[in-house]
Amino acid sequence: MFNSLSEKLDKALHVLKGHGSISEVNVAETLKEVRRALLDADVNFKIAKEFTNTVKEKAMGQNVLTSLQPGQLMVKLVKDELTQLMGGDAEGINLSGDPTVILMSGLQGSGKTTFSGKLANYLKTKKTKRPLLVACDVYRPAAVDQLHVVGGQIGVEVYSDKGNTDPVAIAKAGIAHAKAKGLNVVIIDTAGRLAVDEAMMAEISNIHKAIQPQETLFVVDAMTGQDAVNTAKSFNDILNFDGVILTKLDGDTRGGAAISIKSVVNKPIKFIGTGEKMEAIDVFYPSRMADRILG
Ligand code: GDP
């Protein structure tokens with residue numbers, strides 16, 4: 001994961017690692033490399049620039065040039081700052097409410113249906129919750145079938161109403177169904193489009209207003225780079241969502257999305273998807289991700 005960024009930062013910082021003394025020029029050169037590596041990983045230009053400026057200021061503030069192990073101090077500064085940039089501490093999801101209602105949003109193909117299943121499975125096994133999955137895609141019958149397959153795999157009930165063309169009504173009926181059956185988490189999978197469009201935004205906004213979920217999660221494919229950031233911004237403007245799910249981090253993925261999305265929408269990344277299987281879900285830990293990025 002994030003091999004290219006990791007390798008590049010490693011290379012950039014290698015110059016400083018173990019050096020007895022370094023000059024301001026060394027620091028500047030290394031930070032230039034760090035910035036280039038971040039840009040290559042699809043981090044937004046402004047964010048990359050701010051990042052290296054902050055590290056530089058801190059390096060000077062901590063007298064990195066005269067410290068005993070300047071290289072190690074620089075590596076630590078970059079790592080700490082990267083962790084901060086991605087959100088500091090890990091943030092869980094809000095499981096208040098009976099039932100807890102969780103609304104999934106995102107583009108078609110981002111991994112919403114897969115993640116809905118992963119989250120249901122995670123909550124069931126790790127948090128001993130009783131989840132219900134609700135299929136609110138009224139355009140693609142295949143999407144409803146897919147959720148049923150996922151539910152079958154993990155032994156979680158799926159509520160759907162194939163003839164119904166009103167996603168708000170289905171979402172409400174799903175919540176009522178959960179209450180009637182004593183299920184305490186409702187995960188609502190919604191329809192996505194291939195790109196942001198007004199109809200999709202109006203629909204998800206209507207569902208959001210009608211059901212007032214405890215958690216609204218935005219699912220995004222980590223491989224979509226800068227587009228991921230723009231999509232996140234569009235959804236956040238409409239939904240003011242609570243957290244981001246970064247999927248497909250198992251592939252040949254550039255790490256920039258994690259950094260840029262957090263910086264642009266200022267919402268925590270809560271989970272990552274690392275494969276197609278139901279178990280391929282991890283809590284997002286900014287410090288671990290920074291470690292992976294830096295190698
Ligand atoms: P949706 O349209 O947003 O509901 O997206 P899907 O859940 O149908 O996912 C689209 C495709 O991405 C499917 O083929 C999934 O198996 C795949 N997928 C979802 N999450 C991940 C992931 O974390 N890693 C990988 N490699 N594939 C994923």
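The opening position of the sequence shown corresponds to residue 1 in my numbering, with each subsequent residue numbered one higher.
Just so it is clear, CB atoms sit at the ideal spot from N, CA and C, and this is done for glycine as well.
Span separating the alpha-carbon of Asn-266 from that of Ser-260: 9 Å
Bridge partners - Tyr-159, DSSP secondary structure assignment: Val-134
Touching by the beta-carbon criterion (3+ pairs, under 8 Å), the stretch 205-212 and the stretch 157-173: yes
Own chain partners of Lys-248 with C-beta closer than 7 Å, once the 5 adjacent residues on each side are dropped: Gly-111, Asp-221, Ala-222, Met-223, Gly-273
Ranges of the alpha helix (DSSP H) found wholly within the stretch 44-69, counting only runs of at least 4: 45-61
Straight-line gap, Met-201 to Gly-71 (C-alpha atoms, nearest Å): Met-201 and Gly-71: Cα-Cα distance of roughly 48 Å.
Assigned exposure category for Glu-203 - 16 Cβ within 10 Å defines buried: buried
Where the alpha helix (DSSP H) through Leu-246 begins and ends: It is not in any alpha helix (DSSP H) - Leu-246 instead sits in the beta strand (DSSP E) that spans 243-247.
Validate contact between the stretch 112-129 and the stretch 170-179 using beta carbons, cut 8 Å, 3 pairs: no
Ile-102 beta carbon less than 9 Å from that of Glu-215: Between Glu-215 and Ile-102, the C-beta spacing is below 9 Å.
Alpha-carbon spacing of Leu-31 relative to Tyr-139, whole angstroms: 49 Å
Leu-103, DSSP secondary structure in three states: strand
Local conformation of Asp-221 per DSSP, three classes: strand
Simplified DSSP assignment, three categories, for Thr-83: If DSSP states are grouped into helix, strand and coil, Thr-83 belongs with the helices.
Phe-45, buried or exposed, once every other Cβ within 10 Å from all chains shown has been counted against 16: exposed
Pick from Gln-153, His-148, Pro-99 that is closest to Arg-130, judged by C-alpha positions: For the residues Gln-153, His-148, Pro-99, the minimum Cα distance to Arg-130 belongs to Pro-99.
Assigned secondary structure, Ile-272 (DSSP; H/G/I helix, E/B strand, else coil): strand
Distance cut-off 8 Å: Asp-189 Cβ against heavy atoms of ligand 1: yes
Exposure label - Lys-162; buried when at least 16 CB within 10 Å: Flag for Lys-162 reads exposed.
Length of the line joining the Cα atoms of Asp-291 and Asn-164: 47 Å
C-alpha gap between Met-104 and Ala-199, whole angstroms: 17 Å
Ser-96 classed as buried or exposed, judged by whether at least 16 other C-beta atoms fall within 10 angstroms: exposed
DSSP three-state assignment for Glu-279, whether helix, strand or coil: coil
Distance cut-off 8 Å: Glu-279 Cβ against heavy atoms of ligand 1: no
Three-way DSSP call (helix, strand, coil) for Met-1 in this model: Confidence in Met-1 is poor, its pLDDT being 42 and thus under 50, which makes the residue's placement unreliable; the coordinate value appears in the next sentence. In this structure, Met-1 counts as coil in the three-state DSSP scheme.
Continuous alpha helix (DSSP H) stretch holding Asp-145: start and end: 141-154
Residue(s) in a DSSP beta bridge with Val-75: BP columns for Val-75 are empty, so no partner.
Ligand 1 site residues, beta-carbon cut 7 Å against heavy atoms: Taking each Cβ in turn, the ones that pass are Gly-106, Leu-107, Gln-108, Gly-109, Ser-110, Gly-111, Lys-112, Thr-113, Thr-114, Phe-115, Ala-143, Gln-146, Asp-189, Gly-192, Val-219, Thr-247, Lys-248, Leu-249, Asp-250, Gly-251, Gly-273, Thr-274, Gly-275, Glu-276, Ala-280.
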